[in-house]
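Its first residue numbered 111, the sequence shown is counted upward by one per residue in our numbering.
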Amino acid sequence: MNTLPSSSTVLPLRLLAAVVAAFALSGCTISLVSSYDEVTDKAVQDLAAKTEAVIADATLNSSSYRKHASFYTEAQGAIAAIEMRSALYKQNEAEIATLGRLRTATRNMGRIHQIAGSLRPAEAEGVRSLLRSLIHHQLAKKRSSQILEAPQS
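This is the structure in C-alpha cells:
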C-alpha cells in the first residue's frame, strides 16, 4: 500500500530545500579545514628540509647521533612552535594531531639513532611519511585559498 506523505512532512522538507538552494545560489562557501597560513607552510618546509638532510647523512654516511643531537632538540622545538601556531586556527585538528604524531616519531627516530649509532631508511620512514602528510595538507589549504580568492564571474 502506497501512502503519500502528509502535508506536515512535506512543508519542512520544502523549507529545507529552499534554505539549501538559497545558500547554494548566494555563493556562500563552507570551509571544512582551517585557512592557509604561509608562516606554518614555510616552517613545515624548513623542518622537512633539515630532517631530510639529517636522514641522508645518517643513512648514507652512517653519521653518529652525537653529530646530529642538536637537530633532534631543534626539531622538537620547531614542531612545538608549529603546533602553537596551528592551534590558533579553527578546524585544524587533523594538522595538530599529525604534528603530535610527528613529535613522537621524531623522538623515536632520535632514540633509534642514539642506540643503533646510525639509521636505516626504514627507520626514518615514519617521520618522512608524516612530513609528507603535513606538506600535502599545506598544499591543499593553499590551493583552496586560491580558489576562494579567484574572482567570481
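For glycine and all other residues, C-beta sits at the position ideal for the given N, C-alpha and C.
Fair warning: this is a prediction, and the values are worked out from it, not measured in the lab.
Between residue 212 and residue 244, the gap from beta carbon to beta carbon is short of 8 Å. If you draw a straight line from the Cα of residue 183 to the Cα of residue 256, it comes to about 35 Å. In the three-state DSSP reduction, residue 171 falls in the coil class, being neither helix nor strand. Separation of residue 203 and residue 144 (C-alpha to C-alpha, rounded to the nearest whole angstrom) is 9 Å. Rounded to whole angstroms, the separation of the alpha carbons of residue 156 and residue 224 is 23 Å. CA-to-CA, the gap between residue 228 and residue 220 works out to about 10 Å.
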